[in-house]
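Colleague: Line by line, the protein sequences give chains A and B. Each residue of the first sequence is one higher than the last, beginning at 1 in the numbering used here. Each residue of the second sequence is one higher than the last, beginning at 1001 in the numbering used here.
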Amino acid sequence: MAVTAALLTLADSRLPAGGHTHSGGVEQAVAAGVVTDPHTLETFLRRRLGTSGLVAAGLAAAACRSATTVVADPTAGPAGAALAVLLTGLDAEADARTPSPALRQASRQQGRGLVRVGRRAWPHRAWQALPDRPHHPVALGVAAAVGRLGARDAATAAAYLSVTGPATAAQRLLAMDPITVASVTARLSPDVDTVAAVVTPAPAPDGSAVGPCWLPADTDPLLDLLAEVHADRKDRFFAS
Amino acid sequence: MPPDHNLDDYVDPYPADHRDSPEARRGPLRVGLGGPVGSGKTALAAALCRTLGAEYDLAVVTNDIYTTEDADFLRRNAVLPDDRIEAVQTGCCPHTAIRDDITANLDAVELLESRHRGLELVFVESGGDNLTASFSYGLVDVQVFVVDVAGGDKVPRKGGPGVTGADLLVVNKTDLAPMVGADLGVMRRDSDAVRGGKPTLLISLREDPAATEVAAWVRGRVRARAAQRV
Chain A
1 MAVTAALLTL
11 ADSRLPAGGH
21 THSGGVEQAV
31 AAGVVTDPHT
41 LETFLRRRLG
51 TSGLVAAGLA
61 AAACRSATTV
71 VADPTAGPAG
81 AALAVLLTGL
91 DAEADARTPS
101 PALRQASRQQ
111 GRGLVRVGRR
121 AWPHRAWQAL
131 PDRPHHPVAL
141 GVAAAVGRLG
151 ARDAATAAAY
161 LSVTGPATAA
171 QRLLAMDPIT
181 VASVTARLSP
191 DVDTVAAVVT
201 PAPAPDGSAV
211 GPCWLPADTD
221 PLLDLLAEVH
231 ADRKDRFFAS
Chain B
1001 MPPDHNLDDY
1011 VDPYPADHRD
1021 SPEARRGPLR
1031 VGLGGPVGSG
1041 KTALAAALCR
1051 TLGAEYDLAV
1061 VTNDIYTTED
1071 ADFLRRNAVL
1081 PDDRIEAVQT
1091 GCCPHTAIRD
1101 DITANLDAVE
1111 LLESRHRGLE
1121 LVFVESGGDN
1131 LTASFSYGLV
1141 DVQVFVVDVA
1151 GGDKVPRKGG
1161 PGVTGADLLV
1171 VNKTDLAPMV
1181 GADLGVMRRD
1191 SDAVRGGKPT
1201 LLISLREDPA
1211 ATEVAAWVRG
1221 RVRARAAQRV
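1. Whole angstroms are fine: how far does the CA of B:GLY1035 sit from the CA of B:LEU1131?
2. A:ALA143 and A:GLY118 - do their beta-carbons sit closer together than 7 Å?
3. Mind listing the chain B neighbours of A:THR180? Cutoff is C-beta to C-beta under 8 Å, in chain order.
4. I'd like to know if the stretch 172-183 of chain A and the stretch 156-163 of chain A are in contact, where contact means that at least 3 CB-CB pairs between them fall below 8 Å.
5. Say yes only if the C-beta of B:GLY1138 is nearer than 6 Å to one or more non-hydrogen atoms of the ligand ATP, and no if none qualify.
6. Can you give the beta carbon distance from B:VAL1194 to B:VAL1163, rounded, assuming they're within the 8 Å contact cut?
7. Mind checking A:VAL210: buried by the 16 CB within 10 Å criterion, or exposed?
8. Are the stretch 1209-1219 of chain B and the stretch 1038-1049 of chain B touching, with three or more C-beta to C-beta distances below 8 Å?
9. Is A:HIS39 buried or exposed, if buried means 16 or more other CB atoms sit within 10 Å of its CB?
10. Could you pull out every residue in the same chain whose Cβ sits closer than 8 Å to the Cβ of B:ASP1192, ignoring the five residues on either side in sequence?
11. Reducing DSSP to helix, strand and coil, say where B:GLU1110 ends up.
12. So which residues of chain B does A:PRO16 contact, with C-beta pairs closer than 7 Å?
13. The stretch 211-231 of chain A: which residues have C-beta closer than 7 Å to a C-beta of chain B, in chain order?
14. Taking A:LEU59 as part of the alpha helix (DSSP H), name the residues at either end of that continuous run.
15. Please work out which residues of its chain come closer than 6 Å, Cβ to Cβ, to B:GLY1118, disregarding the five sequence neighbours upstream and downstream, and give them in chain order.
16. Could you give the residue range of the alpha helix (DSSP H) that holds B:PHE1145?
17. Give the residues of chain A in contact with B:THR1132, contact being defined as C-beta atoms less than 8 Å apart.
18. Look up B:PHE1123 in the DSSP assignment and say whether it is helix, strand or coil.
19. Which same chain residues, not among the five before or five after B:GLU1207, have their C-beta less than 7 Å away from its C-beta?
20. If you draw a straight line from the alpha carbon of A:PRO134 to that of A:GLN128, how long is it in whole angstroms?
21. Does DSSP put A:LEU149 in a helix, a strand or coil?
22. Mind checking B:PRO1028: buried by the 16 CB within 10 Å criterion, or exposed?
23. For B:ASN1172, count the other beta carbons within 10 Å of its own beta carbon; 16 or more makes it buried, fewer makes it exposed. Which is it?
24. Could you list which residues in chain B have their beta carbon closer than 9 Å to that of A:GLY50, in chain order?
25. Here's the rule I'm using: 16 or more other beta-carbon atoms within 10 Å means buried, otherwise exposed. How should A:LEU15 be labelled?
26. Identify every residue that forms a DSSP beta bridge with B:ALA1032.
27. Counting contacts by CB-CB distance shorter than 7 Å, is A:PHE44 in contact with chain B?
28. Let me know the secondary structure DSSP gives B:ASN1077 once reduced to three states.
29. Within the same chain, show all residues whose beta-carbon is closer than 6 Å to that of B:ARG1084, passing over the 5 residues directly before and after it, in chain order.
30. Residues in its own chain within less than 7 Å of B:GLY1152 by CB, not counting five upstream and five downstream?
31. On the criterion of 16 or more Cβ atoms from any shown chain inside 10 Å, does B:GLU1055 qualify as buried, or is it exposed?
32. If you run the structure through DSSP and keep just helix, strand and coil, what is B:ASN1105?
33. Considering only the beta carbon of each residue, do A:ALA61 and A:ALA204 sit closer than 7 Å?
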């Protein structure tokens, strides 16, 4: 039976993991005049989806794949320690792909929030293999695995969340029509699916998998700069 | 990077599952201070810190909707040292941050707990909101709702989760009653009618800057919690 309800839960803005206090750069983009209306919002979201969304999706899929081995075989003794090594490695890959200190902190805050709710929603010892305050995509991958979802689901959730959080922030900050904002994010659905597909290719015929260092590493200097300027502001609604 | 709400020095002092239920929760008593804009939440927080600061190891989390105005007020008035005040950003939605998704506030409370291992009391001051605001009991142990006389004597009658459900209702600025034509007797009567026996205090922080009665209520809750644990 296909498992999908857990995916809806992970992507639901009702999930109390702290996402609503992060704007994904939109608050500063609004302040800088980069995002002003539905058209510029859509451009911003596409750009975000193709860079940090793609990176997050790759990391979430990899973390899910790693954690699934432990979830599938609860009796595997040493797997916990092995998983911790894998997840710590992915966490370091996330650091390497996030040059902005403000964005690293934002990601770890959200990762911690997701672990807080996830380990009670889906109790599993795989949570213990995560580093303290993991990056959000890594935590998301583990949440997907313990929710019995697959790597593609984890990637879809990561890609989807990379645009929905900022879209809601723009709606609040610019008092935009919520129906317009919903149509913007709905139009992005095929792109979200494409990102998830790109980071979860079919396995090679010989069964070999590429190492985590080959995960997507696209960055956007604009998002990094917006995050750094934003972090120094005292008059902000959002944590990032 | 701003100093506020930075979790870099955070070390979780408790086991991973220690917050699985409010009953099992360890650490300080958490007191929510909610209420409409301008009713005196920050003034009450400052008064309680001054009055109770010598008795308890305490700290404050502020939830300004914009800027760190309230945290700055507490700092300016030297009510507490900087490392006992945390401000959280609420993403334009102060109500969500104290009720529906309390993550940012939990982070702030736990950061304060990790910094001050003997912490006994934490006040969580909400951003100014409306009469439907209330704290999740996943975030606080007890909550105080602060309204003021100048908002009109019909406020208790209007009810709402804050007025009817709070563990303590505080009606502030009683000194203004004659100026704004508010009937304190009506406010008392209406509060009692909708609160099912839970206490209401009519106070004036201007006349009693120590918030004596509210502080006494808080002391009682700290004692009650300590007794529960024995």
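Note that CB positions come from ideal geometry on N, CA and C, so glycine has one too.
Modeller: On the basis of the supplied data:
1. Start at 1 with the first residue of the second sequence, and residue 1131 of chain B comes out as number 131. Start at 1 with the first residue of the second sequence, and residue 1035 of chain B comes out as number 35. Rounded to whole angstroms, the gap between the alpha carbons of B:LEU1131 and B:GLY1035 is 7 Å.
2. Reading the first sequence from its first residue, position 118 is the one you call residue 118 of chain A. Reading the first sequence from its first residue, position 143 is the one you call residue 143 of chain A. In this structure, A:ALA143 lies closer than 7 Å to A:GLY118 by Cβ.
3. Against the first sequence, residue 180 of chain A aligns to sequence position 180. Within chain B, no residue comes near A:THR180; the closest Cβ sits about 18 Å away, beyond 8 Å.
4. No: fewer than three Cβ pairs fall under 8 Å.
5. Because no ligand of any kind appears in the structure shown, any question about the ligand ATP cannot be addressed here.
6. In the second sequence, the residue the question calls residue 1194 of chain B occupies position 194. In the second sequence, the residue the question calls residue 1163 of chain B occupies position 163. With a Cβ gap of about 6 Å, B:VAL1194 and B:VAL1163 count as contacting.
7. To locate residue 210 of chain A, count along the first sequence from 1; it is residue 210. Its Cβ having fewer than 16 others within 10 Å, A:VAL210 is exposed.
8. These segments touch.
9. Within the first sequence, residue 39 of chain A is the residue found at index 39, counting from 1. Exposed.
10. Here the question's residue 1192 of chain B lines up with position 192 in the second sequence. Once the five neighbours on either side are set aside, the close Cβ partners of B:ASP1192 are THR1200.
11. Position 110 of the second sequence holds residue 1110 of chain B. Helix.
12. Residue mapping note: residue 16 of chain A aligns to position 16 of the first sequence, counting from 1. Those are ASP1100, ASP1101, ILE1102, THR1103, listed as they occur along chain B.
13. If the cut-off is 7 Å between Cβ atoms, the stretch 211-231 of chain A has ALA231 near chain B.
14. For the purposes of this step, residue 59 of chain A is taken as the residue at position 59 of the first sequence. Counting along the chain, the unbroken alpha helix (DSSP H) around A:LEU59 starts and ends at 54-72.
15. For the purposes of this step, residue 1118 of chain B is taken as residue 118 along the second sequence, with counting starting at 1. ASP1057.
16. In the second sequence, residue 1145 of chain B corresponds to position 145, counting from 1. For B:PHE1145, there is no enclosing alpha helix (DSSP H); the enclosing beta strand (DSSP E) has its first and last residue at 1142-1148.
17. Stepping through the second sequence from its first residue, residue 1132 of chain B is reached at position 132. Residues of chain A passing the Cβ test: none, with the nearest at roughly 18 Å.
18. Translated into the one-based positions of the second sequence, residue 1123 of chain B becomes position 123. Of the three classes helix, strand and coil, the one that applies to B:PHE1123 here is strand, per DSSP.
19. For the purposes of this step, residue 1207 of chain B is identified with residue 207 of the second sequence, where counting begins at 1. Around B:GLU1207: ASP1175.
20. Taking the first residue of the first sequence as position 1, residue 134 of chain A is located at position 134. Taking the first residue of the first sequence as position 1, residue 128 of chain A is located at position 128. C-alpha separation (whole angstroms): 11 Å.
21. Here residue 149 of chain A is taken as the residue at index 149 of the first sequence, counted from 1. Of the three classes helix, strand and coil, the one that applies to A:LEU149 here is coil, per DSSP.
22. In the second sequence, the residue the question calls residue 1028 of chain B occupies position 28. B:PRO1028 should be labelled buried.
23. Within the second sequence, the letter at position 172 stands for residue 1172 of chain B. Residue burial is scored here from C-beta neighbours: B:ASN1172 has at least 16 other C-beta atoms within 10 angstroms and is therefore classed as buried.
24. The residue given as residue 50 of chain A occupies position 50 in the first sequence. Near A:GLY50 there are no residues of chain B at all, since even the closest Cβ is about 24 Å away, more than 9 Å.
25. Here residue 15 of chain A refers to the residue found at position 15 when the first sequence is read from its first residue. When all chains shown are included, A:LEU15 counts as buried.
26. On the second sequence, position 32 is the one that residue 1032 of chain B refers to. According to the sequence as given, residue 1032 of chain B is Gly; it is not Ala. Here B:GLY1032 is bridged, per DSSP, to B:VAL1124, B:GLN1143.
27. Counted from its first residue, the first sequence places residue 44 of chain A at position 44. With 7 Å as the cut-off, A:PHE44 does not count as an interface residue toward chain B.
28. Translated into positions along the second sequence, residue 1077 of chain B becomes position 77. In the three-state reduction of the DSSP assignment, B:ASN1077 falls in the coil class.
29. Position 84 of the second sequence, counting from 1, holds the residue named residue 1084 of chain B. ALA1059.
30. Counting from 1 along the second sequence, the entry for residue 1152 of chain B is found at position 152. ALA1182, listed in sequence order.
31. The count along the second sequence starts at 1 and reaches residue 1055 of chain B at position 55. Result: exposed.
32. Locating residue 1105 of chain B in the second sequence gives position 105, counting from the first residue. Three-state result, B:ASN1105: helix.
33. The residue you call residue 61 of chain A lines up with position 61 of the first sequence. The residue you call residue 204 of chain A lines up with position 204 of the first sequence. At least 7 Å separates the beta-carbon of A:ALA61 from that of A:ALA204.
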